[in-house]
């Protein structure tokens, strides 16, 4: 079957099988930032923004995304023009292996979309579904705080 | 402190921008035409002989391109432990065998056009088993009459060390210094307790994954998520019976490893399918497979006896360890060696005995896991030190200060006990432990909080522990680096060292940049590819910064020498008159840029490639030190333990990149806290893991995070690059003892068996 997806601000017609998960379709379309860590919605490595809100793309049928807006980490910023979240993650040392990073960034972006001035507890709650085994989260939380401040200043 | 330009700065990770933008390519992030997907059938039985495998229906399923059973592969015994050759782990594994030894052992494998077809094919395979009695408790393994797990004639040790599979003994180690019984007799207080540590999994966010294919010359290319590309090349060639020259291993970005990927675990199966079909084959573990079939932290049962005098002198330490290595002996000898060799040298004590047995059981297989035996050792020693201090009424801080090893001391234990062989003589050159203790104690508020009476249903307590680890394996591990210069004054740094997320590419580039006096951006790092980069043992044993870092430093110094020679020729002066500073060579009042030198050298006169190569082995393994302090809140009604604050003060020598070094500390200790409190393998009565997913195997998430404070205490280790020692493993060793000691401070109950789950704490508190 064919679905119409808006992926990173580009309309695409994508051929899918009826029971395919969004993660598999996105990766087949070349969005390799969408990582697979558990396929059960426990780890958050596959988080994308669906109409601006973070979802585990391993738990969503691609067929249910007809006409909806999907954002992956590829849309955040480029190496030459980093998003403030990406820059803060680099400044603070919030990236080690980087496998959880795309999902972590998108959950953080979803939070900042809703709440531009999050308290530390808001950040912890927003990132609760994104597991990281490398950093111990300390620097990730700090990076989200820094990014929120940086975005606040540019507004 | 010496002043450096790039070293000591928290530079961005060299792969950071590509990781942050999601563009960095991990193993699976690449398309392959005609890719086949391999899936594995696992044993439902803890111990059984395979009588018959009927693969007929699976083979005739449309889209299936191959089924492998033990009958289809050469029977070559090897170890999956990714260690140097000859490996100190016993040879007791086959790619596939006619016997299964734990629930999760491999039975056979399928390759098909899609993962779904491969799964369907697995369901069509019928296996007839002869079920054998199983050993599900390490205490039973060496009892007379116990079932023999490795009864195959091929099982053997290839180095000279005790090994007796007929008794389920995978390794045995003994160390005797002084007179332990005499020491115990002269003690004012003698302690004798049993401790137990539990199974855990590394849980890298990226599970094991490998893609194999043939290049245009028919060579086998293995793109794999590994910490040990060169060992992987050697072991896969061995297991498949093909020459090393026919194999190329490529390590792209790695999604974490923590030791799990120091195992040559999955590559052989897709490789065998590729050789058979000529097609690319991918094998990607699911999270469940990662839990049931990959490697784990070896559980240990530790009996520890110590003697102490009232003045605080330790008179004897007697450490007895039974280690459960599971169904295979991966790292069975070396992990248990480290349980003694990375813990006992921390203390002045003239009477020390260490006896360890690694035993086979029909349970999941142990392997390398950050901390590597030291984590288990400190679970016992770190708690008993607190018990000793308490028994003589001394503050643990004073007790550690009195008893820890000092600069200039030569530990007889380090000398006697290496990894699977004798150690090296090593005089301690640096030790920042006293400063770690002082600054950590201040940060946690030790003087105000420790030993004070507690009130209320939720009681708070503080606990501490001191730690050491090593920096690589001396006289064994080797790292090498190649650096070549480009005409714009940039350099390619080619390293076999394996960045698995630690940031080692960045740290090694900083070392090269420091020597070559260029900004970090001028260093282009490539790691690792067995066709392209020089040899390195890989990422393990806390060795990369210390060992591979020295190889990079030496290679860069060689390049600097060549640069100076060319510059001298350009200036028409002697090399000795030429200096290199800030990316320019200077002599006799003249200056020339690196790009000009490279251009001259490549295109103008006596043309040559300016490049340098160096290898490095270490003769020492200088220990990093740490003092950890935990503050906990224990609910006396539910038994729930919450870590409120955790402080780690760490002497890792020079931190080449302080933010990355802090990240190593924080990641390790949060993994340790999670291990101490919530992570646990639950088994049914037949040895099957009941909770192979993140729903029921709880690793800490952001919301569980306590307040964490990391303090780096600098020292300068002369044998390391720009003063560096290691940092990656040590901090996972602290949480079990520090938290247990804090629980004692809070509620007066000693927790000697991990993890400290509410039910265990409540039982201990209520005395049942």
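Chains as they are written, first to last, in the working numbering: chain G, 1 to 155; chain Z, 1001 to 1768. Idealized CB from N, CA, C, for every residue including glycine.
| Check | Outcome |
| --- | --- |
| Residues near residue 108 of chain G in its chain [Cβ-Cβ closer than 6 Å; skip 5 each side] | 85 and 144 |
| Residue 10 of chain G at chain C interface by Cβ criterion, 8 Å | The structure shown has no chain C; the protein chains it does contain are G and Z. |
| Element boundaries [beta strand (DSSP E), containing residue 1169 of chain Z] | 1169 to 1177 |
| Where residue 1248 of chain Z falls: helix, strand or coil (DSSP) | strand |
| Presumed contact (8 Å Cβ cut-off) between residue 1112 of chain Z and residue 1064 of chain Z, rounded CB distance | 5 Å |
| Closer than 7 Å: residue 1683 of chain Z CB and nearest the ligand MG heavy atom | Only the bare structure without any ligand can be found here, which leaves the ligand MG out of the picture. |
| Contact list for residue 1502 of chain Z against chain G, beta-carbon separation under 7 Å | 96 |
| Under 8 Å between C-beta atoms of residue 1095 of chain Z and residue 1268 of chain Z | yes |
| Three-state secondary structure (DSSP) of residue 1725 of chain Z | coil |
| Straight-line Cα distance separating residue 41 of chain G from residue 119 of chain G | 25 Å |
| Per-residue burial, residue 1407 of chain Z [other beta carbons within 10 Å of its own, 16 or more giving buried] | exposed |
| The beta strand (DSSP E) enclosing residue 1299 of chain Z, as first and last residue numbers | Taken as a continuous stretch (DSSP letters only), residue 1299 of chain Z belongs to no beta strand (DSSP E), as it is neither H nor E. |
| 8 Å CB neighbourhood of residue 1014 of chain Z in its chain, flanking five on each side removed | 1505, 1506, 1509, 1520, 1523 and 1525 |
| Endpoints, the beta strand (DSSP E) within which residue 1389 of chain Z is located | Run containing residue 1389 of chain Z: none in the beta strand (DSSP E); it sits in the alpha helix (DSSP H), 1374 to 1391. |
| Enclosing alpha helix (DSSP H) for residue 104 of chain G [first to last residue] | 101 to 114 |
| Run of the alpha helix (DSSP H) containing residue 1599 of chain Z, from where it starts to where it stops | 1594 to 1599 |
| Integer Cβ distance of residue 1400 of chain Z from residue 1472 of chain Z, believed to fall under 8 Å | With a Cβ gap of about 25 Å, residue 1400 of chain Z and residue 1472 of chain Z do not count as contacting. |
| As assigned by DSSP and simplified to three states, the class of residue 1213 of chain Z | strand |
| Residue 1211 of chain Z vs residue 1280 of chain Z beta-carbon contact at 8 Å | yes |
| Sufficient close CB pairs (3 or more, under 8 Å) joining the region 1648 to 1662 of chain Z to the region 1430 to 1441 of chain Z | yes |
| Complete alpha helix (DSSP H) runs within the region 1487 to 1539 of chain Z (minimum length 4 residues, chain order) | 1504 to 1516 |
| N-terminal and C-terminal residue of the alpha helix (DSSP H) that residue 970 of chain Z is part of | Since the first and last residues shown for chain Z are 1001 and 1768, residue 970 of chain Z lies out of range. |
| Cutoff 8 Å: residue 53 of chain G Cβ touching any chain Z Cβ | no |
| Touch test, the region 1452 to 1462 of chain Z against the region 1608 to 1623 of chain Z, Cβ-Cβ under 8 Å, three pairs minimum | no |
| Chain Z residues whose Cβ lies nearer than 7 Å to that of residue 61 of chain G | Going along chain Z, no residue has its Cβ under 7 Å from residue 61 of chain G, so there is no contact; the nearest lies around 15 Å. |
| Residue nearest to residue 1683 of chain Z in terms of C-alpha spacing, selected from Z/1087, Z/1026 and Z/1104 | Z/1104 |
| Given residue 1580 of chain Z as reference, the closest of Z/1137, Z/1564 and Z/1572 once Cα atoms are compared | Z/1564 |
| Residue 1652 of chain Z at chain G interface by Cβ criterion, 8 Å | no |
| First and last residue of the uninterrupted beta strand (DSSP E) at residue 61 of chain G | Note, residue 61 of chain G: premise wrong, no beta strand (DSSP E); not H, not E. |
| N-terminal and C-terminal residue of the alpha helix (DSSP H) that residue 1231 of chain Z is part of | 1229 to 1240 |
| Secondary structure of residue 134 of chain G, DSSP reduced to three states | coil |
| Any chain Z beta carbon closer than 8 Å to residue 145 of chain G | no |
| 7 Å Cβ cut-off: residues of chain Z touching residue 128 of chain G | 1701, 1702 and 1703 |
| Candidates Z/1751, Z/1160 and Z/1006: closest to residue 1421 of chain Z by CA position | Z/1160 |
| Close Cβ partners of residue 1678 of chain Z (< 6 Å) along its chain, the five nearest in sequence each way excluded | 1698 |
| Rounded C-alpha distance that separates residue 1673 of chain Z from residue 33 of chain G | 29 Å |
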